[in-house]
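A short worksheet on the structure shown next.
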Amino acid sequence: MIEPFAVPFMGRALTEIALLALICGPVSVFVFVRRLSFVSDALTHTVFPGVVIGFVAGGMDGLFTGALVAALLTAGVLTVLTRGARLTDDAATAVVLTAMFSIGVVLVSRRTSYTSDLTAFLFGRLLTVTPRQIAETAVLAAVILVALAIGWRAWLFRAFDPAGAAAAGLRIGRLDLWLNVVLALVVVAAVRAVGTILVVALLIIPAAAARMVTDRLAVMALLGTGLVLAAGYTGLLLSWTASLRYGVALTAASAVVLALVLAYLLLLPVRRWRDRAPVERTSPHELVG
Amino acid sequence: MNWWDDVMHRAVAEVILAGALTGLIGVQVVVRRLSFFTLALTHATFPGVVAASIIGVNLLLGGVVTGAVVALGVAALTRRRGQDAAAATGVLVSGGFALGAALVATQSGFSRDLSSFLVGSILTVSAGDLVSTAGVLAVVAIVLLVCARPLLYAGFDPVGARAAGIAAGGWDVVLLLTIQLVVVAVVPAVGTILALSLIVAPAAAARLWSDRLPVMTALAVLFAVGSGLAGLFASSRWNLAAGASISLAATAVLAMSWGLQRLTATVSAARAVPA
Amino acid sequence: MAAAALRLAGVSVGYSGRPVVTGVDLELRPGQRLALVGPNGAGKSTLIKSVLGLAEIIDGSATVLDRAPAHARAFTGYVPQTGNLDPDFPVSARQVVMMGRYRRLGWWRPARAADRRAVTEALDRVGLADRAGLRFGLLSGGQRQRVLLARAIAAQPRLLLLDEPFNGVDAVSQEAIVRVLRDLSAAGTALVISTHDLAVARDLADLVCLVNGRQWAVGTPGETLTAGPLRQTYGSSAIDLADGRMVLVEP
Numbered sequence: 001m002i003e004p005f006a007v008p009f010m011g012r013a014l015t016e017i018a019l020l021a022l023i024c025g026p027v028s029v030f031v032f033v034r035r036l037s038f039v040s041d042a043l044t045h046t047v048f049p050g051v052v053i054g055f056v057a058g059g060m061d062g063l064f065t066g067a068l069v070a071a072l073l074t075a076g077v078l079t080v081l082t083r084g085a086r087l088t089d090d091a092a093t094a095v096v097l098t099a100m101f102s103i104g105v106v107l108v109s110r111r112t113s114y115t116s117d118l119t120a121f122l123f124g125r126l127l128t129v130t131p132r133q134i135a136e137t138a139v140l141a142a143v144i145l146v147a148l149a150i151g152w153r154a155w156l157f158r159a160f161d162p163a164g165a166a167a168a169g170l171r172i173g174r175l176d177l178w179l180n181v182v183l184a185l186v187v188v189a190a191v192r193a194v195g196t197i198l199v200v201a202l203l204i205i206p207a208a209a210a211r212m213v214t215d216r217l218a219v220m221a222l223l224g225t226g227l228v229l230a231a232g233y234t235g236l237l238l239s240w241t242a243s244l245r246y247g248v249a250l251t252a253a254s255a256v257v258l259a260l261v262l263a264y265l266l267l268l269p270v271r272r273w274r275d276r277a278p279v280e281r282t283s284p285h286e287l288v289g
Numbered sequence: 001m002n003w004w005d006d007v008m009h010r011a012v013a014e015v016i017l018a019g020a021l022t023g024l025i026g027v028q029v030v031v032r033r034l035s036f037f038t039l040a041l042t043h044a045t046f047p048g049v050v051a052a053s054i055i056g057v058n059l060l061l062g063g064v065v066t067g068a069v070v071a072l073g074v075a076a077l078t079r080r081r082g083q084d085a086a087a088a089t090g091v092l093v094s095g096g097f098a099l100g101a102a103l104v105a106t107q108s109g110f111s112r113d114l115s116s117f118l119v120g121s122i123l124t125v126s127a128g129d130l131v132s133t134a135g136v137l138a139v140v141a142i143v144l145l146v147c148a149r150p151l152l153y154a155g156f157d158p159v160g161a162r163a164a165g166i167a168a169g170g171w172d173v174v175l176l177l178t179i180q181l182v183v184v185a186v187v188p189a190v191g192t193i194l195a196l197s198l199i200v201a202p203a204a205a206a207r208l209w210s211d212r213l214p215v216m217t218a219l220a221v222l223f224a225v226g227s228g229l230a231g232l233f234a235s236s237r238w239n240l241a242a243g244a245s246i247s248l249a250a251t252a253v254l255a256m257s258w259g260l261q262r263l264t265a266t267v268s269a270a271r272a273v274p275a
Numbered sequence: 001m002a003a004a005a006l007r008l009a010g011v012s013v014g015y016s017g018r019p020v021v022t023g024v025d026l027e028l029r030p031g032q033r034l035a036l037v038g039p040n041g042a043g044k045s046t047l048i049k050s051v052l053g054l055a056e057i058i059d060g061s062a063t064v065l066d067r068a069p070a071h072a073r074a075f076t077g078y079v080p081q082t083g084n085l086d087p088d089f090p091v092s093a094r095q096v097v098m099m100g101r102y103r104r105l106g107w108w109r110p111a112r113a114a115d116r117r118a119v120t121e122a123l124d125r126v127g128l129a130d131r132a133g134l135r136f137g138l139l140s141g142g143q144r145q146r147v148l149l150a151r152a153i154a155a156q157p158r159l160l161l162l163d164e165p166f167n168g169v170d171a172v173s174q175e176a177i178v179r180v181l182r183d184l185s186a187a188g189t190a191l192v193i194s195t196h197d198l199a200v201a202r203d204l205a206d207l208v209c210l211v212n213g214r215q216w217a218v219g220t221p222g223e224t225l226t227a228g229p230l231r232q233t234y235g236s237s238a239i240d241l242a243d244g245r246m247v248l249v250e251p
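Top line first, the protein sequences correspond to chains A, B and C.
Numbering follows full-length UniProt numbering, in which position 263 of the first sequence is assigned residue number 263; successive positions increment by one, without gaps.
Numbering follows full-length UniProt numbering, in which position 142 of the second sequence is assigned residue number 142; successive positions increment by one, without gaps.
Numbering follows full-length UniProt numbering, in which position 89 of the third sequence is assigned residue number 89; successive positions increment by one, without gaps.
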């Protein structure tokens with residue numbers, strides 16, 4: 001089961017996923033406790049216009065810068081919009097997501113290779129990851145891990161008890177901005193290689209699945225990382241086997257996501273069994289937290 | 001030549017119908033904070049639509065069936081604490097989309113289908129699409145009108161509603177299914193991302209102008225139809241992607257409403273200061 | 001003799017088979033005011049919800065006007081805690097009160113003059129007739145509580161249950177609520193009021209039920225709000241004052 005990964009491009013794909021696993025385990029814990037699933041999803045979509053503008057302006061090199069600028073911009077805009085104002089959090093997020101994505105689509109629609117650009121953005125090119133991209137991801141991963149090491153305590157306090165954190169002198173707005181910026185960096189690090197769909201899955205599912213088996217945050221982070229590694233391995237292998245043995249074109253990114261979702265679904269009954277807590281107020285308001 | 005034979009005429013009719021539909025449901029979505037759920041629905045119906053096209057049954061039917069399963073699944077999965085609920089919705093978004101994409105990949109003409117799913121293809125709507133959109137519009141309007149009271153009570157105060165003998169959980173499911181119906185009807189024309197935009201942005205703008213549900217609904221329909229027409233015009237004039245132009249027009253309406261509200265607030269605050 | 005408004009005999013209530021409160025025995029006649037007293041998390045809300053048929057009755061028998069709780073909803077009214085409601089929700093105070101008439105109106109029959117009159121009257125009784133058009137979320141905490149009370153009144157219940165109606169409520173609103181509650185019970189409505197405020201219980205109730213995981217005492221304020229039963233209910237957080245009165249300190 002190792003030999004497919006001896007092929008250079010498969011090995012590189014697995015390396016890229018391993019790097020992402022390292023950061024997505026802990027980051028997804030914060031996505032989970034702060035209920036930032038929607039924000040994560042928004043960030044992956046809003047990077048799109050940045051990618052397009054970056055590519056038009058500076059080719060492959062501009063792409064990275066464009067994505068970075070767009071992601072940081074959204075992180076800021078989302079932080080501002082979701083505080084106060086009469087728009088509710090989720091409506092504001094939805095509007096930013098759709099508006100930025102539309103700008104990207106409008107820009108791309110002026111070009112000829114319209115649809116292939118869009119698919120590349122959605123699915124990335126996991127199997128054509130270059131050593132240079134891996135190096136970039138590694139650098140960003142290091143930056144993100146440092147940020148996590150510095151910020152985790154404050155973020156946890158803020159997530160658990162915003163009023164108490166503010167009273168203790170933490171600046172909520174600034175903390176939220178920093179967490180959103182970290183998310184944005186993860187998206188930038190990952191989106192070109194693995195595509196939006198996989199990034200969203202990596203940001204949301206690991207902690208959500210790990211939560212089924214543990215109540216402890218540190219364990220959640222570790223389990224999340226392990227889960228991404230396992231899903232990455234399984235997904236890549238699946239995609240490889242499917243296309244080689246059975247001639248089915250299963251995109252590598254989709255296969256990894258489906259492996260992650262499967263893990264989540266398999267762990268669901270564990271949660272049910274672990275706590276049969278009283279079912280209180282059940283409104284779909286809480287769908288979006 | 002029949003009026004309906006013109007591509008642009010059909011597009012205009014579809015935009016008006018879709019605008020009315022999204023405006024109607026959008027108010028519920030915004031008030032109940034279901035934007036993320038709506039996004040999840042748009043993505044999760046995707047595999048259903050693809051599967052329907054592979055086995056060759058009606059696309060609307062495929063979408064409705066998977067959508068219903070998903071809506072019920074979400075309702076079941078989220079009958080628990082908030083954190084899990086947000087995450088479960090997120091799982092649906094990525095899982096649904098990946099499954100749909102994997103199904104598409106097994107067919108030929110891969111990227112073309114996928115992008116039309118994302119951004120829609122309003123210029124290719126057929127007369128049949130128009131009829132089904134109109135049918136869904138009628139159904140949704142009737143549901144929202146007839147069930148306005150229980151929906152309102154259950155949305156505002158679920159525990160109080162249950163104490164008053166209204167099955168709040170059941171009405172939530174009715175609402176989720178109605179949203180899902182709208183999503184399935186609108187996605188082929190304007191795509192997933194833009195369906196969300198057309199549902200949320202006009203209603204959010206209307207929310208800024210009024211606290212009354214009927215007024216909000218009327219305004220939301222007006223805004224949605226207006227931005228649909230404006231976007232279509234911009235698209236044909238400057239040769240831009242139609243769905244994206246419509247979405248940007250809807251965003252512009254929201255941005256303008258917000259600006260105007262801020263302006264009037266500042267003006268009235270300035271007036272309130274005694275000279 | 002008229003049917004008891006509420007009769008609980010050896011009742012245990014909870015969720016999914018897990019009891020939250022056990023051993024509740026009490027009877028409430030029309031026009032009587034019962035205070036459910038206990039610390040936070042004692043199960044007061046669960047007990048109230050069980051009377052509304054929203055929490056499971058695991059053991060014992062509970063009847064509301066001689067009916068099972070779930071079948072007596074036409075006669076019960078409920079005032080929830082305002083904190084659980086979405087302040088952004090676009091409903092006016094008047095609309096909230098009108099919800100109290102939905103049971104009579106059904107799904108879509110338009111409101112008649114009688115319904116509108118009942119709504120106006122209910123708002124008037126809680127002293128908020130001039131705020132009827134305002135959005136619910138724009139009202140103060142006390143005013144929101146009064147609107148919810150008006151909603152319950154508009155339904156003309158025979159048994160009214162209020163969950164911590166005085167939590168975070170200003171003095172004016174508290175006074176208005178107490179006045180309305182006295183009027184209601186004088187007119188024959190039985191009341192169940194949960195509170196952790198002993199002064200309110202002493203002042204307002206005919207009957208006090210001390211709960212904390214189980215029923216510790218039931219009786220008149222004079223019998224129950226004394227050192228012995230309170231210490232049992234509250235444990236170490238009940239402290240004697242020199243003059244024979246008690247204060248409670250939440251641990």
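Note that the Cβ used here is the ideal one computed from N, Cα and C, for glycine as well.
Under the three-state DSSP convention, the category residue i falls into
{"i": "residue 293 of chain B", "result": "Any answer about residue 293 of chain B is impossible in this case: the structure gives chain B only from 1 up to 275."}
{"i": "C:M1", "result": "Since pLDDT at C:M1 reaches only 49, below the 50 mark, its modelled position is unreliable, and the value read off the structure follows with that caveat. Three-state result, C:M1: coil."}
{"i": "C:Y234", "result": "helix"}
{"i": "C:D59", "result": "strand"}
{"i": "A:A249", "result": "coil"}
{"i": "C:Q145", "result": "helix"}
{"i": "C:P19", "result": "strand"}
{"i": "C:D25", "result": "strand"}
{"i": "C:R101", "result": "coil"}
{"i": "C:R33", "result": "strand"}
{"i": "C:T76", "result": "strand"}
{"i": "C:Q215", "result": "strand"}
{"i": "C:A132", "result": "coil"}
{"i": "B:R81", "result": "With a pLDDT of 49 at B:R81, under the threshold of 50, the modelled position of this residue cannot be trusted; read the value that follows with caution. Of the three classes helix, strand and coil, the one that applies to B:R81 here is coil, per DSSP."}
Residue i classed as buried or exposed, judged by whether at least 16 other C-beta atoms fall within 10 angstroms
{"i": "C:P87", "result": "exposed"}
{"i": "A:F160", "result": "exposed"}
{"i": "A:H45", "result": "buried"}
{"i": "B:D6", "result": "exposed"}
{"i": "A:N180", "result": "buried"}
{"i": "C:E164", "result": "buried"}
{"i": "B:H43", "result": "buried"}
{"i": "residue 343 of chain B", "result": "What is shown of chain B runs 1 to 275, which leaves residue 343 of chain B out entirely."}
{"i": "C:T63", "result": "buried"}
{"i": "residue 277 of chain B", "result": "No statement about residue 277 of chain B is possible, as the shown extent of chain B runs from 1 to 275 and does not include it."}
Test item: CB-CB of residue i and residue j under 8 Å
{"i": "B:L41", "j": "B:V143", "result": "no"}
{"i": "A:A231", "j": "A:L260", "result": "yes"}
{"i": "C:E54", "j": "B:A154", "result": "Note that residue 54 of chain C corresponds to Leu in the displayed sequence, not to Glu. Contact: no."}
{"i": "A:V105", "j": "A:I197", "result": "no"}
{"i": "C:I58", "j": "C:S92", "result": "no"}
{"i": "A:A184", "j": "A:A71", "result": "yes"}
{"i": "A:A94", "j": "B:L39", "result": "yes"}
So, does the segment 224–231 of chain A touch the segment 55–64 of chain A, judging by three or more C-beta pairs under 8 Å? no
Are three or more beta carbon pairs between the segment 69–85 of chain C and the segment 141–152 of chain C nearer than 8 Å? yes
Can you find at least 3 beta carbon pairs, one from the segment 164–181 of chain C and one from the segment 90–109 of chain C, that sit closer than 8 Å? no
Anything in the segment 151–184 of chain B with a Cβ closer than 9 Å to a Cβ of chain C? List those residues in chain order, please. Along the segment 151–184 of chain B, the positions whose C-beta sits under 9 Å from a C-beta of chain C are L152, Y153, G155, F156, D157, P158, V159, G160, A161, R162, A163, A164, G165 and I166, read in chain order.
If you measure beta-carbon to beta-carbon, which residues of the segment 142–176 of chain A are closer than 8 Å to chain B? none
Taking a cut of 8 Å between CB atoms, which residues from the segment 40–62 of chain B lie near chain A? Cβ contacts with chain A: none found.
Report yes or no: do the segment 7–19 of chain C and the segment 199–207 of chain C share at least 3 C-beta pairs separated by less than 8 Å? no
I'd like to know if the segment 8–18 of chain B and the segment 122–134 of chain B are in contact, where contact means that at least 3 CB-CB pairs between them fall below 8 Å. yes
Residues of the segment 10–36 of chain A with a CB closer than 7 Å to any CB of chain B: list them in chain order, please. F32, V33 and R35
Any C-beta of chain B within less than 7 Å: which residues of the segment 160–174 of chain C qualify? none
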